[in-house]
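Step one of this worksheet: look at the structure below.
2 protein chains.
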Amino acid sequence: MTKMTEATYFILAALLEAPLHGYGIIKRAGEQSAGRVKLAVGTLYGALDRLAEAGLVVVDREEVVDGRPRRYYRITDDGVTAVREEAVRLQQAARVVTGQIAVMGA
Amino acid sequence: MTKMTEATYFILAALLEAPLHGYGIIKRAGEQSAGRVKLAVGTLYGALDRLAEAGLVVVDREEVVDGRPRRYYRITDDGVTAVREEAVRLQQAARVVTGQIAVMGA
DNA sequence: GACCATATATCGGGAGCCGATATATGGGCT
DNA sequence: AGCCCATATATCGGCTCCCGATATATGGTC
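From first to last, the protein sequence lines stand for chains A and B. Residues 1 to 106 in the working numbering are what the first sequence lists, from first letter to last. Residues 1001 to 1106 in the working numbering are what the second sequence lists, from first letter to last.
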C-alpha cells in the first residue's frame, strides 16, 4: 500500500515546481489547494525530517535573509515518483465513490 | 477541512451499495480497490464505533448465522454526503499533481 | 509600543492505524 | 483425530503522526 499521509503529499506537491523553504511550502500548499490545506508548522518540520530521511527530499541550500535563516528543500527523483504514484492512488480512491472515469494525460 | 481518514472513507464506500457486516466490509473494501486496501480488524471496529457516534452509519440489524453473530451496518444520508464530499476532495488533491481535469458526472 | 508576517524549532497531547491476541464454528486436508 | 483456514466479533498496546502552543528573532506597519 505504501501509504502516504495527506500532509506529506501536499509538501511534495508544493516542491514539484521549484525548491522552497519551510514557510514557503506552507503558503504554496495553501495556494495549490485554494486555501483548503493549512499545514501546521509542527506538522511541517516533522514531516520534512521524515521525508529527508526517506530520501524523497534533500536540502538544496541554506541562506540568510535579513538575519533570518532560510533552508530550501528540493524534491528528489524518488520524491517525484512517490508523489505521482500517490496522486494515482487518490484518483482511484475517488473513483470508487464517483464511479466516473477520469481523463488522464501523462 | 473536515478531514476523513482513508480507512473511514473505504468503510463508507463499501456500504454505499448495501448494508454489510464488519467482515463483509473488509472484503468489499478489498474488492473495490483491487486488493490495495486491507482494513485491519483493529482499525475497522474502532472506526465503525466512531462512525456510528457521528451518525454516518447505523446498525441495520443483527443476525446469528451458524452460531456466529453478524451485525449489519447501514450508511445514513449524512454518511453518503460525507463520503461524496471526500471523493471530491481526493480528486482535487490528485489534480494538484496530475494537472489534469477529471470528467465528472453527477 | 504593539502587532503582524516571516522563519525555524521543539514539546506534549491526542487521534487513529494495525498487529497480536482471544473466542467460537465449520470445512477441508492429511 | 489433529490442524489449519475462513468466517466473525472484540480488545489492547504500541507506534506513527498531526497539530496547537510555545520560544526566539527581525522588520514593517499602525
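From the three backbone atoms N, C-alpha and C, an ideal C-beta is built for every residue, glycine too.
Taking all protein chains shown into account, residue 1054 of chain B has fewer than 16 neighbouring C-beta atoms within 10 Å of its C-beta and is therefore exposed. Interface flag for residue 1023 of chain B against chain A is unset, since no Cβ pair is found closer than 8 Å. Residue range 1057-1065 is occupied by the beta strand (DSSP E) that includes residue 1062 of chain B. For residue 1009 of chain B, the closest Cβ of chain A is nearer than 8 Å. By the C-beta density criterion, residue 79 of chain A is buried, having at least 16 other C-beta atoms within 10 angstroms. Assigned with DSSP and collapsed to three states, residue 20 of chain A falls in strand. Between residue 1030 of chain B and residue 1071 of chain B the beta-carbon gap is near 19 Å, outside 8 Å, which marks them as no contact.
Ranked by Cα distance from residue 45 of chain A, the options A:61, A:63, A:25 are led by A:25. Residue 76 of chain A and residue 82 of chain A have their alpha carbons spaced roughly 10 Å apart.
Rounded to the nearest angstrom, the gap between the Cα atoms of residue 1087 of chain B and residue 66 of chain A is 44 Å. Non-local beta-carbon contacts of residue 1010 of chain B in its own chain, meaning distances under 6 Å to residues more than five positions away in sequence, involve 1029, 1037 in chain order. Here residue 1074 of chain B is near residue 1060 of chain B, since their CB atoms are less than 8 Å apart. Residue environment analysis places residue 6 of chain A among the buried positions, since at least 16 neighbouring C-beta atoms fall within 10 angstroms of its C-beta. With a threshold of 8 Å between beta carbons, residue 1047 of chain B makes no contact with chain A.
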